[in-house]
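A.B. asks: Protein chains in written order, with the working numbering: chain E, 44 to 430; chain H, 333 to 713; chain P, -17 to 506.
Okay, here's the structure, questions in a sec.
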Amino acid sequence: MKILLALIKKEIKQILRDPSSIIIAFVLPLISILIYMYGINLDSVRVTMGIKNDDPTPEVATLVKSFGHSKYVNSIYFDNVKDIETAIARSKIKGAVIIPNDFSTKLARGQNADLLVITDGSEVNTANYVQSYALAIANNWLATSKYANSAKQPAINTEVRTWYNPDLNSHYFIVPGSIAITMTLIGILLTSLVVAREWERGTMEAMLSTSVKTIHIVLGKYIPYFILGMLSLTFNIFLCIVIFQIPFRGNYFVLLLVSSLFLFTSLGIGLNVSSVLKNQFLASMVAMSVGFMPALMLSGLMFPINSMPVFFQHLTRILPPRYYVSFIESEFMAGTVPEIVTANAIYLTILGLILFAAVYKNTSMRLEKYPSPALRAPSPARGEEKP
Amino acid sequence: MLRDFFRRVLALMKKEFITIWNDPKTKGIIIGLPIVQLLIFSNAATMEVQNIDTAVFDRSQSVESRELLSRFENSPRFRNFYYVDNEADFKKKLDTQKVQIGLMINNDFSRNIKSGETATVQVISDGRQTNSASIASGYASQIITGYGAEVSSSTKPPARGEGVMSGANINISVRNWFNPNLEYKWYILTVIVAMLSLVTTLILTSLSIARERELGTFDQLIVSPLSSFEILLGKSIPPLIIAMALTMIMTGIVIIFFHIPFAGSFLLFMISIFISLLAIVGVGLYFSAICNTQQQAILSAMTFMMPAVLLSGFISPIEDMPVALQYLTWLNPVRFFMVLTRGIFLKGMGFADVFINLIPLIIIALITLTLAGRTFKRKLG
Amino acid sequence: MNTVEIKNLTKTFGKITALDNLSLNIEKGKITGLMGADGAGKTTLLRTIIGLLVPDKGEILTLGFNPVTQKDELTPLIGYMPQKFGLYEDLTVIENLTLYADLKGISLAPCGRGIKGEGSILNKMLEFTKLAPFQDRLAGALSDGMKQKLGLACTLLGNPEFLLLDEPSVGVDPISRKDLMQMVREMINPETTVLWSTAYLDEAHSFDTAVVIDKGRVIYEGKPHDLGATAQEFEDKVIDLMGGYKQEESLIAKNYEYTDILPSPHAGEGGTKCRVRGQSEFYTVEADNLEKKYGNFYAVKNNSFCIQKGEIFGLLGPNGAGKSTSFKMMCGLAKPTNGTARIMGIDITKDPEKARSNLGYMAQKFSLYGSLTVRENLEFFASAYGIKFKNRASKVQEIIEVFGLKEYADQKSEELPLGLKQRLSMACALIHNPPVLFLDEPTSGVDVLTRRDFWNHITSLAKKGVTILVTTHFMDEAEYCDRISLFYHGETIALGTPQELKDKARAKTMEETFITLIKESEKE
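The structure is reproduced here in structure tokens:
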């Protein structure tokens, strides 16, 4: 116990001496929340579109105008298709609408009128927005135009409601969800260097010849960074709820509890990387690849897990951010849902314990790998046989 | 003199290569890890919404409602259906994220359809993931509207008179240029290639000088007749070559295994990647030059990388950001890197457009490399 | 009664056999000195004895425990000081001490007198190490001698039954070396066994038992006095045991071509006047009022000297006197706050690159590329200093042979034992035939044979016209210098030939001279 306390004290002093880790624990959350708040928008994105009208009737002119009035569309008028092509190739516009010259005639006859929509397929998301905006604007226009009378009354009306987030504000889930990415980064990066550094600087050899046991080394690393991580996490949540006013419907105790479980897994990943590789360069490289990138791509924050191919859906199960993202989004927006909390908490605990066991196993108490059991302890009998 | 210069730079480059390349573990991590990540992320990351699980509360239990639900069951987008018979269960399914959307059909559904009145179906989407929620409910509305159209044409008597058939309608016909089927993979692959090259290059360079400082070898380098400029060259070329090779390997995989057509000029692509990576090398070396320890270097690289990736336009378009942030992205080499890889790869961007995007990258590279070179010696104390 | 019993121990690393069927007993309550050439297997032996390494074959019993299976029982009883002692450089002196005390489970506050109270272990340690005034300084900011003392203090905590010290006196000045020895002798009790690996044979001569190992085998085990009655005789005998030293013509010097780059025209006609001596001879290396100030503290003050072509100039002084800082300023690694230095007449602050191209520099701390092999390191420095590609291979091969690095040529340099690392550093410094050589403790950690060899090269090179600035902590080596500057508290306290200094101190040996002059200056 005394040894452990000494190691923890040592680690905390080291953290305090090199302020880079403290700075990172508080600066990174701030930058990241600012970006997710103002730089990222997954809702209705504004796009720039080109419009070319070949049907010079006054009615159709109002359609062109309604493109101009939409708050989601910046419209630019074109006279020929060639210009549209160049504009799309240069990413000046993300798509274009071409109204054919028989458009109003067909509508007047009560027929289906074609509207040609061109998108820049190299940016799939915006291409989808272009399509759906064009459709929505055209249909709205149709409903209020003089052709509306002949448009039929729908037999079934679809009433869409969005639960938990009636304003449909993506920031309400993306900002809390981003905590998962920030905490993965902080948890993994800080710890991925610390054990490697002790090996590189030779302090490990001196430590191994004292009464220090594996468990001391392991906990002596876990605990200080856990404290730092929790401080950073609390700061993160404070920014989220108090400064940026993200609505929180859950329970603070539950939030901190599950967050601490998540932190536990992140530290485990970082410490594993560090104790296996014993080299700061390799450790940071691997930490990036198993930490930041999967947290961004496979956590379900940006890309829905349900839409992945089955194999990859299973793959995400071994990654802690998945559970945390699912938990924190729900905790913020739907309040404490016992099933979600327990399921995610259990998974995180299991992962955390597995990682802890792995750190324990990978913490070598010697300067080299333990050789095969046959060589471990030469039995006296074998020794005596030899002359 | 010039020969001395080349000799020294070459020697330093060779040394850098050996330190990076000799260790099989390092080799595997630098080349192997990005490729594994490329394969995983490109297959997994998609914004197309599929495999939607649905909770159904059918109060109507009529032929019509079952007919509507069978449309859902036949749709490839929808996967599992959970039929519930009370509101509490319905809510629970949504609460616990068992399902992404819920369908609620009122008991007057069948009656309304038969009587020609408008029937209502409620679609409830899970706002904890607004983007996939709205896409999923969009699909649901489509199916419902489609069924509605069929029902009305079969139940309503055809309107008599002046040849007005089923009414005026707008048909949207879509052409998706550069990616006819709007495959998300085409988009995400170019993004991932750029992102992985970024990560590798940044870590390789940001640690290179900091590590020498920590181990004391940088003194030895400074005492040698190598000038700052020579050290700068020797330090930037090897990571540049390794990152170039990595990017080329990844591009090859994208073309060969993912069958994505390469639309542009390969030469332009090479030049663009070279300059993009050079700018990133500059940023990395600058961090490395100002930091004393590897920890500081990697943490500053991180603090740069996260915003750079998120503000590169890969998740949400730059035009959509607040104006201040839009200006800020002019400093972000990753932004131009992504525009270039995507533009040349998928759109066949021409020389003039490539050049415009290269200018900011060249400026970033020049500034960061100059700063890094100057900082080598200023840090001597 | 033996503390360690080793039977037929073999340990290999890949192709290299570090310990070869070695058998050895270490007697309880005695101080045993472990000697041997670089790469003989000393460190491996120490590490294996305490279970940090696992042997391939053979049996070890340390304090009655098998270090392979019973490491946990063993470690609380031993004190081990590795070569690169694991001080936390970002912790203070007192924090390091308390940390290691806690790690060893020692109560620092007996009878509630407080950890820093009268007669506490901590106080005793601070007293012994004379570190009390520096107790709140970061370990990283201590001089090498102080670091070693602190490391030893950490190792001695908890009165271990068995003390293993891996070259604790490397890079330590004679006064501090005496302190270290005294610390060990006073802190242990008669029951304590000490295994002390050292390159200083005068140190080993004073021990109870001497063990000499070579190529992983014990070649001598017995009382040091049985080998030689005086330290000098003992040294000669040990050298004989290790294969004997034959002074041969230095191949390095033989192949050396003095390539004198003429001083730049800005430096004056035909050389510069030395301001210190006021003569107009040509001086190849000059320090002109060098000064380095950190805040209010002068690390180096008014340091001026001039070195002639072909002269060996020794910079002597205790750890922390400012030798390394002077060195760093001389080669442009640190900016002087005042004054300047000239190499071959070129001002180091004005044209550092040009000045340095005349310079071969060997840093105190091993600072070559650990992940490169010996050959790759040499090739790199050869090219960095502008040796043509076509000459490079032969030059590198030559230097590998001259420095006896042939067997190790393709080994990673980080895996080399300390002495061989020093050899490689020296080889790298010499590869481009520089007219000026700066050697910062070139021989620390090097075995006695190699040291003699080093100095053979150094003196022969000087005869060829190479100017050499050298620091050392081996006082016998100081005798090789043409002139010596004795440095203390950032200032020169004596300057002259070794004989002049000896006369001044009225002492017979350099070591006495050193101690006397330092003590005198302290009184003033």
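C-beta atoms are modelled at their ideal positions from N, C-alpha and C, and glycine is treated no differently.
Which residue marks the beginning of the beta strand (DSSP E) containing G342(P), and which one marks its end?
C.D. replies: Residue numbering aside, residue 342(P) sits at position 360 when the third sequence is read from its first letter. Start and end: L341 to M344.
A.B. asks: Please classify M345(E): is it buried, with 16 or more other beta-carbons within 10 angstroms of its beta-carbon, or exposed?
C.D. replies: Taking the first residue of the first sequence as 1, we reach residue 345(E) at position 302. Label assigned to M345(E): buried.
A.B. asks: Can you check DSSP and say which residues form a bridge with D222(P)?
C.D. replies: By 1-based counting over the third sequence, the position of residue 222(P) is 240. Per DSSP, none; premise fails for D222(P).
A.B. asks: Taking a cut of 9 angstroms between CB atoms, which residues from the stretch 246 to 277 of chain E lie near chain P?
C.D. replies: So the close ones are T246, M247, E248, A249, M250, L251, S252, T253, S254, V255, K256 and H259.
A.B. asks: Run through the DSSP bridge pairs and tell me what M63(P) is partnered with.
C.D. replies: Locating residue 63(P) in the third sequence gives position 81, where the first residue counts as 1. DSSP output for M63(P) lists L147(P) as bridge partner(s).
A.B. asks: What would DSSP say about Q528(P), mapped onto helix, strand or coil?
C.D. replies: Since the displayed chain P opens at -17 and closes at 506, residue 528(P) lies outside it and no answer follows.
A.B. asks: Determine, for L400(P), whether the minimum Cβ-Cβ distance to residues of chain H falls below 7 angstroms.
C.D. replies: Looking up residue 400(P) in the third sequence gives position 418. Answer no: the Cβ-Cβ gap between L400(P) and chain H never drops below 7 angstroms.
A.B. asks: Helix, strand or coil for A0(P)? Go by DSSP, reduced to three states.
C.D. replies: Residue 0(P) sits at position 18 when you count from the first residue of the third sequence. Three-state result, A0(P): strand.
A.B. asks: Measuring CA to CA, which of G15(P), E473(P), L451(P) and G401(P) is closest to V510(P)?
C.D. replies: Residue 510(P) lies beyond the residue range present for chain P, which begins at -17 and ends at 506; the question has no answer from this structure.
A.B. asks: Is there contact here, the stretch 292 to 308 of chain P with the stretch 140 to 155 of chain P, by at least three beta-carbon pairs under 8 angstroms?
C.D. replies: Segments in contact, yes.
A.B. asks: Suppose the cutoff is 6 angstroms on Cβ atoms and the five residues either side in sequence are ignored; what does the same chain contact list for A611(H) look like?
C.D. replies: Mapped onto the second sequence, residue 611(H) falls at position 279. Cβ neighbours of A611(H) beyond the five flanking positions: P665, L693, I696 and A697.
A.B. asks: Going by DSSP, what residue range makes up the beta strand (DSSP E) through T205(E)?
C.D. replies: On the first sequence, position 162 is the one that residue 205(E) refers to. Note, T205(E): beta strand (DSSP E), I199 to W206.
A.B. asks: Using a cut-off of 7 angstroms between C-beta atoms, extract the partners of S5(P) located in chain H.
C.D. replies: As a first step, residue 5(P) is located in the third sequence; it is residue number 23 there, counting from the start. Per Cβ cutoff of 7 angstroms: no residues; S5(P) is ~37 angstroms from chain H at best.
A.B. asks: What number of angstroms, rounded off, separates the C-alpha of Q429(H) from the C-alpha of A387(H)?
C.D. replies: Sequence index remark: in the second sequence, residue 429(H) carries index 97 (1-based). Sequence index remark: in the second sequence, residue 387(H) carries index 55 (1-based). The alpha-carbon atoms of Q429(H) and A387(H) are separated by roughly 10 angstroms.
A.B. asks: Would you be able to state if there are at least three C-beta pairs under 8 angstroms between the stretch 392 to 408 of chain P and the stretch 197 to 211 of chain P?
C.D. replies: Too few Cβ pairs lie closer than 8 angstroms, so no.
A.B. asks: L178(E): which of Q474(H), T462(H), Q461(H) and A468(H) sits nearest, CA to CA?
C.D. replies: Against the first sequence, residue 178(E) aligns to sequence position 135. That would be Q474(H), whose Cα lies nearest to the Cα of L178(E).
A.B. asks: Comparing the C-beta of K45(E) with each C-beta of chain P, is any distance below 7 angstroms?
C.D. replies: Translated into positions along the first sequence, residue 45(E) becomes position 2. Interface residue, yes.
A.B. asks: Output, in chain order, the set of chain P residues within a Cβ distance shorter than 8 angstroms of K347(H).
C.D. replies: For the purposes of this step, residue 347(H) is taken as the residue at position 15 of the second sequence. Under the 8 angstroms cutoff, chain P gives Y351, L354, E358 and F362.
A.B. asks: What is the rounded straight-line gap between the Cα of L85(E) and the Cα of V686(H)?
C.D. replies: As a first step, residue 85(E) is located in the first sequence; it is residue number 42 there, counting from the start. As a first step, residue 686(H) is located in the second sequence; it is residue number 354 there, counting from the start. Whole-angstrom Cα-Cα distance: 28 angstroms.
A.B. asks: Please determine, among T105(E), M44(E) and Y190(E), the residue with the shortest C-alpha to C-alpha distance to R152(E).
C.D. replies: As a first step, residue 152(E) is located in the first sequence; it is residue number 109 there, counting from the start. Cα-wise, what sits closest to R152(E) is Y190(E).
A.B. asks: Return the first residue and the last residue of the beta strand (DSSP E) that E380(H) is part of.
C.D. replies: Reading the second sequence from its first residue, position 48 is the one you call residue 380(H). E380(H) -> no beta strand (DSSP E), and no H or E assigned at all.
A.B. asks: Please go through the stretch 363 to 410 of chain E and give each complete alpha helix (DSSP H) segment of 4 or more residues, from N-terminal end onward.
C.D. replies: The qualifying runs are 363 to 376 and 381 to 405.
A.B. asks: Using three-state DSSP, classify A181(P) as helix, strand or coil.
C.D. replies: In the third sequence, counting from the first residue as 1, residue 181(P) sits at position 199. Coil.
A.B. asks: Are three or more beta carbon pairs between the stretch 374 to 381 of chain H and the stretch 442 to 460 of chain H nearer than 8 angstroms?
C.D. replies: Touching, no, given that fewer than three Cβ pairs across the two stretches are closer than 8 angstroms.
A.B. asks: Using the beta-carbon of each residue, which ones in chain E are nearer than 7 angstroms to P64(P)?
C.D. replies: For this step, residue 64(P) is matched to residue 82 along the third sequence. Within chain E, the residues near P64(P) are G245, E248 and A249.
A.B. asks: Out of S426(P), S179(P), E358(P) and Q52(P), which one is the CA nearest neighbour of E348(H)?
C.D. replies: Translated into positions along the second sequence, residue 348(H) becomes position 16. Closest option to E348(H), Cα to Cα, is E358(P).
A.B. asks: Should E405(H) go down as buried or exposed, given a rule of 16 or more other Cβ atoms within 10 Å for buried?
C.D. replies: The residue you call residue 405(H) lines up with position 73 of the second sequence. Burial call: exposed.
A.B. asks: Rounded C-beta distance between I383(E) and S369(E)? I'm assuming under 8 angstroms.
C.D. replies: The residue labelled residue 383(E) in the question sits at position 340 within the first sequence. The residue labelled residue 369(E) in the question sits at position 326 within the first sequence. Right, their Cβ atoms sit about 7 angstroms apart.
A.B. asks: Three-state secondary structure (DSSP) at T507(P)?
C.D. replies: Because chain P in this structure spans residues -17 to 506, residue 507(P) falls outside the shown range and cannot be described.
A.B. asks: Under a three-way DSSP split, which group does Y519(H) fall into?
C.D. replies: In the second sequence, the residue the question calls residue 519(H) occupies position 187. Reduced to three states, the DSSP call for Y519(H) is helix.
A.B. asks: Which residues in chain H sit within 7 angstroms of M331(E), going by Cβ to Cβ distance?
C.D. replies: Counting from 1 along the first sequence, the entry for residue 331(E) is found at position 288. Those are V531 and I535, listed as they occur along chain H.
A.B. asks: Check whether the Cβ atoms of S308(P) and N340(P) lie closer than 7 angstroms to each other.
C.D. replies: For the purposes of this step, residue 308(P) is taken as the residue at position 326 of the third sequence. For the purposes of this step, residue 340(P) is taken as the residue at position 358 of the third sequence. In this structure, N340(P) does not lie closer than 7 angstroms to S308(P) by Cβ.
A.B. asks: Report the three-state DSSP secondary structure of L703(H) (helix, strand or coil).
C.D. replies: Counting from 1 along the second sequence, the entry for residue 703(H) is found at position 371. In this structure, L703(H) counts as helix in the three-state DSSP scheme.
A.B. asks: Closer than 7 angstroms, CB to CB, is K56(E) near chain P or not?
C.D. replies: Sequence index remark: in the first sequence, residue 56(E) carries index 13 (1-based). At least one chain P Cβ lies under 7 angstroms of K56(E).
A.B. asks: For the stretch 21 to 41 of chain P, which residues have a beta carbon sitting closer than 9 angstroms to at least one beta carbon of chain E?
C.D. replies: Those would be R29, I32, G33, L34, L35, V36, P37, D38, K39, G40 and E41, in chain order.
A.B. asks: How about A465(H) and I384(H): do their beta carbons lie closer than 7 angstroms?
C.D. replies: The residue given as residue 465(H) occupies position 133 in the second sequence. The residue given as residue 384(H) occupies position 52 in the second sequence. No, the Cβ-Cβ distance between A465(H) and I384(H) is not below 7 angstroms.
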